[in-house]
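In what follows, a single structure is set out as structure tokens and then discussed.
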């Protein structure tokens with residue numbers, strides 16, 4: 561049985577392979593807003609629950625894995641922008657998937673011929689509740705087209721410009 565999984569990637573310990581996660585950290589918080597109250601303490605408006613963030617590190621060792629291949633796999637996974645289910649001890653930690661947002665490599669030891677012997681990966685994830693969309697600041701209500709400036713607006717602008725000169 562795996563210690564943990566992220567999609568198809570399993571964290572395991574066996575006679576031939578040690579592939580574990582270290583320094584596992586979770587964070588969950590409320591999204592709140594403080595509202596001023598005249599003559600009293602401010603009130604707190606609770607907007608909802610923020611997304612869960614999680615992070616951990618992986619110590620890679622060439623005796624058990626291809627270090628460079630693992631670094632490449634995690635970077636490709638991040639760039640794919642595909643969220644995955646995360647489990648610990650066979651149990652999902654959220655009904656939502658997690659998006660790999662950051663991959664950092666450190667403590668790298670490179671041997672002869674450029675072979676990666678050791679490295680530490682630091683990975684950061686964020687819960688993926690639903691796909692968002694880019695907000696267009698200039699977009700108008702559905703069904704209404706922006707017709708530009710009205711004739712009256714143009715005339716007023718021209719008059720204002722005459723006064724500036």
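In my numbering, the protein residues as written are 561 to 725. Where is the CB? At the ideal position from N, CA and C, for every residue including glycine.
* Asked: Skipping 5 residues on each side, what residues in its chain have a beta carbon closer than 8 Å to that of residue 587?
  -> 612, 613 and 614
* Residue environment, residue 669, which counts as buried when at least 16 other CB atoms sit within 10 Å -> exposed
* Within 8 Å, strictly: CB atoms of residue 593 and residue 577 -> no
* To do: Whole angstroms is fine: what's the gap from residue 630's alpha carbon to residue 616's?
  => 15 Å
* **Contact under 8 Å by Cβ, residue 680 with residue 667** => yes
* **Cβ neighbours of residue 622 in the same chain (closer than 6 Å, five flanking residues each side left out)** => 677
* What's the gap between the Cα of residue 590 and the Cα of residue 626? -> 40 Å
* Contact the stretch 652 to 663 vs the stretch 571 to 585: 3+ CB pairs below 8 Å -> no
* Rounded to whole angstroms, what's the CA-CA distance from residue 660 to residue 645? Just pull it up for me. => 11 Å
* To do: Reducing DSSP to helix, strand and coil, say where residue 664 ends up.
  => strand
* How long is the line joining the alpha carbons of residue 620 and residue 596, rounded to whole angstroms? -> 51 Å
* Which of helix, strand or coil DSSP assigns to residue 670 -> strand
* To do: Check whether the Cβ atoms of residue 565 and residue 665 lie closer than 8 Å to each other.
  => no
* Determine the extent of the alpha helix (DSSP H) in which residue 632 is found, giving its start and end residues. => 627 to 640
* When the Cα atoms are used, what is the spatial distance from residue 551 to residue 671? -> Outside the shown range of the chain (561 to 725) lies residue 551, about which nothing can therefore be said.
* **Bounding residues of the beta strand (DSSP E) (the contiguous stretch that carries residue 565)** => 564 to 566
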